[in-house]
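*Asks:* Numbering (the working numbering), first residue to last: 1 to 423.
Ideal Cβ positions, reconstructed from N, Cα and C, are used throughout, including at glycine.
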Ligand SMILES: *Cc1c(COP(=O)(O)O)cnc(C)c1O
């Protein structure tokens, strides 16, 4: 499988180069040259496969030119060392819990897979610096996934005072090859600093930069697996399955769409957003207007210019009608989010995090009675305890000890970032 730039079909690279380079020229993204389909009997017999076997079948066509089959099996086994259960909430509503990884958010699977691919590629090569912007969860997952991996340094940019203490602790407490940088600005500012570094020709002569944002295809591809795992658990009900994906940068949703294109029987997707409603506006009007992000309770989705929009356009060839057939989208405010956390706790004895709550509301608003609905619980409620406590009075606090945490602070300045990178 080759990978091509979303902006230039003549820019063709291997999986290995797509992973190491992160971005294509002119800040474009890499996409698989085509989406392979899996045989129908794979889906018919999916209950007979364990998760590692499913992952192998799904991922092999995308990576086989760059990764040996036995190495892929090892990478998968290390990546998927925790469960992804579907839990019944009520009636035809289910939740897919994606928070059982080491940093308690869904990004662990992508970060673990990518770090292992990367370390396989850079073995005995030049040292690589992973530069990543985070609204909270990416940073912790990437820090954890790459911690102590030889030949790789990680620089994480996060927006000052816009991540939870729990998230900040996960990024700043590891040390060794992990460097956390607090930026005076928003997530979008962090993301544009990262993009600027990637196109800086002078800088790239001195260091070997790579990305670990969901713009890196190695983080995106393994996220397809969630949808296969959900299908495996829900297939027995023999009803159309609708999946609601709490979305920010739209990596997780894009992965779901690729899974559907591989043949996975998902009826449709719901792109659930908070007040950062660039995508729902696009779906309803056909007009895409990226804008600065606003802060909400579901901060990992505070993205005003979703990076993976470009990939969705690429998959659908900019055809709005086709997109609308597969994806509905809705924006949910903070008040409704709290209300949902509170009511789900009272009525169904289940504690949502704010992202999952957004996903659940959108699911309920867009589900028919003959369908099975599943929303993704993308983080553990503990990770967002200050929000959850606003909805559930006696939700306990975590003790976070920031004593040994290390970070560097910079203003929203590219120059200051370059200084750090060149140290
Ligand atoms: C990153 C994140 C999201 C958004 O995922 P995207 O792939 O960026 O759309 C949603 N919820 C949580 C908890 C996250 O960490």
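Could you check whether the segment 258–273 touches the segment 163–182, counting it as contact only if at least three pairs of C-beta atoms, one from each stretch, sit closer than 8 Å?
*Replies:* no
*Asks:* Which term fits residue 253, buried or exposed, when burial requires 16 or more other beta carbons within 10 angstroms of its beta carbon?
*Replies:* For the purposes of this step, residue 253 is taken as the residue at position 253 of the chain shown. Within a 10 Å sphere around the beta-carbon of residue 253 sit 16 or more other beta-carbons, which makes this residue buried.
*Asks:* State buried or exposed for residue 88, treating a residue as buried only when at least 16 other CB atoms are found within 10 Å of its CB.
*Replies:* Working through the chain shown from its first residue, we reach residue 88 at position 88. With fewer than 16 Cβ atoms within 10 Å of its Cβ, residue 88 is classed as exposed.
*Asks:* Residue 141 to residue 180, Cα distance in whole Å?
*Replies:* As a first step, residue 141 is located in the chain shown; it is residue number 141 there, counting from the start. As a first step, residue 180 is located in the chain shown; it is residue number 180 there, counting from the start. Straight-line measurement puts the Cα of residue 180 at about 13 Å from the Cα of residue 141.
*Asks:* Using the beta-carbon count (16 or more within 10 Å), is residue 311 buried or exposed?
*Replies:* In the chain shown, counting from the first residue as 1, residue 311 sits at position 311. Burial call: buried.
*Asks:* Output needed for residue 395: all residues of its chain with C-beta closer than 8 Å, excluding positions within five of it in sequence on either side, in chain order.
*Replies:* For the purposes of this step, residue 395 is identified with residue 395 of the chain shown, where counting begins at 1. These residues qualify, in order along the chain: 351, 381, 385, 388, 389.
*Asks:* Please confirm whether any heavy atom of ligand 1 lies closer than 7 Å to the CB of residue 313.
*Replies:* Taking the chain shown and counting its residues from 1, the one referred to as residue 313 is at position 313. Relative to ligand 1, the beta carbon of residue 313 is positioned no closer than 7 Å to any heavy atom.
*Asks:* Which residues share a DSSP beta bridge with residue 262?
*Replies:* Numbered from its first residue, the chain shown carries residue 262 at position 262. For residue 262, which the question treats as bridged, DSSP gives no partner whatsoever.
*Asks:* Looking only at C-alpha atoms, which of 420, 32, 19, 414 sits nearest to residue 213?
*Replies:* Within the chain shown, residue 213 is the residue found at index 213, counting from 1. Comparing C-alpha distances from residue 213 to each of 420, 32, 19, 414 shows the shortest one belongs to 19.
*Asks:* Below 7 Å CB to CB, which residues in the same chain sit around residue 215 once its five sequence neighbours on both sides are set aside?
*Replies:* As a position in the chain shown, residue 215 is number 215, starting the count at 1. Excluding sequence neighbours, residue 215 sits near 22, 23, 29, 307.
*Asks:* Can you look up residue 355 in the DSSP assignment and give me helix, strand or coil?
*Replies:* The sequence position of residue 355 within the chain shown is 355, counting from 1. Residue 355: helix per DSSP, three-state reduction.
*Asks:* Whole angstroms are fine: how far does the CA of residue 245 sit from the CA of residue 328?
*Replies:* Here residue 328 is taken as the residue at index 328 of the chain shown, counted from 1. Here residue 245 is taken as the residue at index 245 of the chain shown, counted from 1. In a straight line, the C-alpha of residue 328 is about 11 Å away from that of residue 245.
*Asks:* Alpha carbon to alpha carbon, what distance is there between residue 129 and residue 10?
*Replies:* The residue labelled residue 10 in the question sits at position 10 within the chain shown. The residue labelled residue 129 in the question sits at position 129 within the chain shown. About 27 Å.
*Asks:* Please check the pair residue 57 and residue 42, which I expect to be a contact at CB under 8 Å, by giving their CB distance rounded to whole angstroms.
*Replies:* On the chain shown, position 57 is the one that residue 57 refers to. On the chain shown, position 42 is the one that residue 42 refers to. Sure, about 6 Å apart at Cβ, within 8 Å.
*Asks:* Does the Cβ-Cβ distance between residue 145 and residue 115 come in under 8 Å?
*Replies:* Along the chain shown, one-based indexing puts residue 145 at 145. Along the chain shown, one-based indexing puts residue 115 at 115. Cβ atoms of residue 145 and residue 115: closer than 8 Å.
*Asks:* Can you say whether residue 335 is buried or exposed, counting buried as having 16 or more other CB atoms within 10 angstroms of its CB?
*Replies:* Along the chain shown, one-based indexing puts residue 335 at 335. Residue 335 comes out exposed.
*Asks:* Quick check on the DSSP output: what are the complete alpha helix (DSSP H) runs of length 4 or more inside the segment 318–363, in order along the chain?
*Replies:* 320–326, 334–348
*Asks:* Since residue 159 sits in a beta bridge, which residues does DSSP pair it with?
*Replies:* For the purposes of this step, residue 159 is taken as the residue at position 159 of the chain shown. Answer by DSSP bridge pairing, in chain order: 183.
*Asks:* Where does residue 243 land, buried or exposed, given buried means 16+ other C-beta within 10 angstroms?
*Replies:* One-based indexing of the chain shown puts residue 243 at position 243. Buried is the call here.
*Asks:* Excluding the 5 residues preceding and the 5 following residue 71 in the sequence, name in chain order all residues of the same chain whose CB lies nearer than 8 Å to its CB.
*Replies:* Against the chain shown, residue 71 aligns to sequence position 71. The residues are 120.
*Asks:* Alpha carbons only, please: which of 261, 255, 302, 262 is nearest the one belonging to residue 278?
*Replies:* Position 278 of the chain shown, counted from the first residue, corresponds to residue 278. The residue with the shortest Cα to Cα distance from residue 278 is 302.
*Asks:* Assign residue 275 to one of three DSSP states: helix, strand, or coil.
*Replies:* Here residue 275 corresponds to residue number 275 of the chain shown, with the count starting at 1. Residue 275: coil per DSSP, three-state reduction.
*Asks:* Report the residue ranges of all beta strand (DSSP E) runs contained in full by the segment 53–89; include only those spanning at least 3 residues, in chain order.
*Replies:* none
*Asks:* Counting C-beta neighbours from all protein chains within 10 Å, is the total for residue 55 16 or more, i.e. buried, or is it exposed?
*Replies:* Reading the chain shown from its first residue, position 55 is the one you call residue 55. Buried.
*Asks:* Given 7 Å as the limit, tell me if residue 326 has its C-beta closer than that to any heavy atom belonging to ligand 1.
*Replies:* Translated into positions along the chain shown, residue 326 becomes position 326. False, no ligand heavy atom lies under 7 Å from that Cβ.
*Asks:* So does the segment 183–190 actually touch the segment 93–110, counting three or more Cβ pairs closer than 8 Å?
*Replies:* no
*Asks:* May I have the straight-line CA-CA distance separating residue 1 from residue 67, to the nearest angstrom?
*Replies:* Within the chain shown, numbered from 1, the residue matching residue 1 stands at position 1. Within the chain shown, numbered from 1, the residue matching residue 67 stands at position 67. Taking the straight line from one Cα to the other gives about 11 Å.
*Asks:* Alpha carbon to alpha carbon, how far is residue 46 from residue 232?
*Replies:* Taking the chain shown and counting its residues from 1, the one referred to as residue 46 is at position 46. Taking the chain shown and counting its residues from 1, the one referred to as residue 232 is at position 232. Their backbone Cα atoms lie some 6 Å apart in a straight line.
*Asks:* Consider the C-beta atom of residue 251 and the heavy atoms of ligand 1; say whether any pair is separated by less than 7 Å.
*Replies:* Counted from its first residue, the chain shown places residue 251 at position 251. Relative to ligand 1, the nearest heavy atom lies less than 7 Å away from the CB of residue 251.
*Asks:* Any chance the CB of residue 246 is under 7 Å from a heavy atom of ligand 1?
*Replies:* Here the question's residue 246 lines up with position 246 in the chain shown. Yes - ligand 1 has a heavy atom lying nearer than 7 Å to the Cβ of residue 246.
*Asks:* Does DSSP put residue 201 in a helix, a strand or coil?
*Replies:* Locating residue 201 in the chain shown gives position 201, where the first residue counts as 1. Helix, per DSSP.
*Asks:* Per DSSP, which one or two residues make a beta bridge with residue 268?
*Replies:* Locating residue 268 in the chain shown gives position 268, counting from the first residue. DSSP, once it has assigned bridges, lists 242 as partnering residue 268.
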